[in-house]
Structures are given as C-alpha cells and as structure tokens.
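If you're matching them up, the sequences are chains S and F in order.
In terms of the numbering used here, the numbers along the first sequence are unbroken and rise by one, the last being 103.
In terms of the numbering used here, the numbers along the second sequence are unbroken and rise by one, the last being 267.
Cβ coordinates follow ideal geometry from the N, Cα and C atoms, glycine included.
All figures in this text were calculated on a predicted structure; none of them were measured in a lab.
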Amino acid sequence: MIFTPLNIILFGVVGLLGVGLYGLLITRNLIKVVMVLQILIKAVILALVLAGKLSGHLGLGQSTAATVIVADTIVAVVGLALAVQVRRRFGTLDVPRISTLRG
Amino acid sequence: MESIQYAVFLLGAVFCAYRAIVAKRILSATIYLACISALVSGTLYLLGAAQVAVMELSVGAGLVTILLVYALSVVGDDAMDPASVIPKPLAFGVVGLAAVLLGWMAFPAVRTTAAVGEFDLASSLWQDRVLDVWIQIVLIFSGVMGVLGLLSEKVPGAKEEVEQ
C-alpha cells in the first residue's frame, strides 16, 4: 500500500519543498523571497516531526521543530526589516535592480 | 480515513503554496501563506504534535501574517512581483528533477508504521536540548532588534537636514 499516512506526508513535504524552490528561482520581489523562505521552512518543520514520529522520538522532533519555528520567525522579521530599509534607500524591492555588487 | 485527512490537508497546502508564488499581488500571497500555515498545523496535529501545531498556527498564521501586512503597508505601491529573470520552464525542470530525486531517496526511509517511543516534549526541550532554549532566547532578542528596524521611520539624510 503506497498511500499510507506517513507516505502521504512525505509526498507533501517533497511537494512543498519543490514549490518553494521553484518560487525561490522565479521570485524577484524581496518581500516575496521572505514568503518563499517561509514555505520552505514549513516543509522542514513537517519533515522534522515526521522523522520524530518514524524514529519513535516525537518529543525530540517537536522540540527541534519548535526551535526551527522561532528561528523562522526571526528570519522573517529581520528579512522584512531589511526589505523596508532597502525600499527606503533604493526606492525598489526588485532584487536584480538593488544588487550593487559587480564582478 | 486518516489517509484522506492527510491528503486533503497536504494537497491544500501545496495548492496554496503554488498560488502564493504565482499571485501577482503580494497581499493575496500573504493570505495564501496564512492558509498554508493553518493546513500544516492541522497536519501536525493529526501527527500527534499538538504543541508544535499550536505554535505554528499562532506564529505562522498570526504573527508572520501581521508582520507581512505591515511591511506591505509601509512599502506601498511597490508590492508587486515583476516577471522572472530565469525562464519558468527551466526553473520548473530543475525543481522537478530535484523533487523526484529527493522523493526517490527519502521514500525507502519511510516505513508504513511509526515507531512507538517517548512522547514528552517538556523533558526533551528542557533536559536534552537546553542549548536550543538558550539559542531561542538569543534569537528572540535578534527578532526584537528586527522589529525595531521594521518600525523605525528614519529617512536617509534626515540627520543632515536637522544639522542645517
């Protein structure tokens, strides 16, 4: 039986990771990049809890996922603050236009 | 029955993720992101990780959505996503290949039944992973600094104008 609950969760994790990577490749807006990172992190949280469930250490998986949720929120906050300051300084959120590094 | 519940939650999450990426208006993408958080937290609850599900729902669908809406209200009319630099078929092919390889490698690791073991989050968090708690405290302070950066209204060149 291929469609067991745990296999379905694995397919969901792979689907979310795939959609997130696709978004990371095609997105140019800085705020949307932060959102795409959120999608990727949600797949990772799901994978951590799934791994904990499979190994019989659900508490360990949950505690790691909680740490990842905190880190993910901080990444979002700092990323949005950077995006707002970049918008004020450069007048745009388009990543190719604000990249001033050359070479 | 349980498989159908998981399938509905996860198909909904993947669909919302795709809609969030292709949406032209970033405010719509923010709403889709909140839906993803709600659906993922539902899946976590079904898995037995109720505490993490509550955290994900309150932080992912609540706090992060509010922060995103606030940031969008600050940046104003620049909240549109321009066209991609990378051709979409190329990006789709690369990501599809990566997803197939990942599924192919990870699929044998998933057994049909879960192992039964300890389920205590509190002892795991406060005894085995106490370093994580300290790291979270440091990260929360970094987040406070990020919020201050998000809320600051300083305009470049404002100091010079005051001095003049």
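C-beta atoms of residue i and residue j nearer than 8 angstroms
i       : j       : result
L130(F) : L175(F) : yes
L10(S)  : A202(F) : no
S63(S)  : D235(F) : yes
A141(F) : L160(F) : yes
Q239(F) : V70(S)  : yes
I41(S)  : D72(S)  : yes
Any non-hydrogen atom of the ligand NAD closer than 7 angstroms to residue i Cβ
i       : result
A225(F) : In the structure on display, the ligand NAD does not appear, and there are no ligands present to speak of.
8 angstroms CB neighbourhood of residue i in its chain, flanking five on each side removed
i       : result
Q154(F) : L224
L80(S)  : I31 and V34
V172(F) : L130 and T133
I124(F) : A132
V49(S)  : L58, G61, Q62 and A65
Proximal residues to residue i (C-beta, below 6 angstroms), its chain only, five neighbours per side dropped
i       : result
G103(S) : Its pLDDT being 48, under 50, G103(S) is placed unreliably in this model, and the coordinates cannot settle the point.
D94(S)  : R28
V13(S)  : A43, L46 and A47
Close beta carbons around residue i, own chain, < 7 angstroms, minus the five adjacent residues each side
i       : result
V44(S)  : V68
V233(F) : none
L143(F) : Correcting the residue type first, residue 143(F) is Val in the shown sequence and not Leu. Around V143(F): A116 and E159.
Proximity to residue i [Cα-Cα], best of the options
i       : options                               : result
D231(F) : I74(S), G59(S) and L82(S)             : G59(S)
V75(S)  : L254(F), I107(F), M248(F) and A126(F) : M248(F)
R88(S)  : S255(F), L113(F), F112(F) and S106(F) : S255(F)
L147(F) : W229(F), M208(F) and Y109(F)          : Y109(F)
L21(S)  : L150(F), A164(F), G199(F) and G145(F) : G199(F)
> When you check each C-beta in the region 68-80 of chain S against every C-beta of chain F, which residues fall closer than 7 angstroms?
Replying inline: I69, V70, A71, T73, I74, A76, V77, V78 and L80
> Relative to chain F, which residues along the region 26-39 of chain S have a C-beta separation below 8 angstroms, given in chain order?
Replying inline: I26, T27, R28, N29, I31, K32, V34, M35, V36, Q38 and I39
> Does the region 47-61 of chain S come close enough to the region 110-122 of chain F to have 3 or more Cβ pairs within less than 8 angstroms?
Replying inline: no
>> Please list, in chain order, the residues of the region 131-146 of chain F that have any C-beta partner in chain S closer than 8 angstroms.
In response: A132, T133, L136, I139, S140, V143 and T146
> Is the region 187-200 of chain F in contact with the region 17-26 of chain S, if contact means three or more CB pairs nearer than 8 angstroms?
Replying inline: yes
> Can you list, in chain order, the residues of the region 84-103 of chain S whose Cβ is nearer than 7 angstroms to any Cβ on chain F?
Replying inline: V84, Q85, R87, R88, R89, T92, L93, D94 and P96
> If contact means a Cβ-Cβ distance below 8 angstroms, which residues of the region 36-63 of chain S contact chain F?
Replying inline: V36, Q38, I39, K42, I45, L46, V49, L50, G52, K53, L54, S55, G56, H57, L58, G59, L60, G61, Q62 and S63
> In chain order, what residues of the region 235-246 of chain F put their CB closer than 8 angstroms to some CB of chain S?
Replying inline: D235, I238, Q239, L242, I243, S245 and G246
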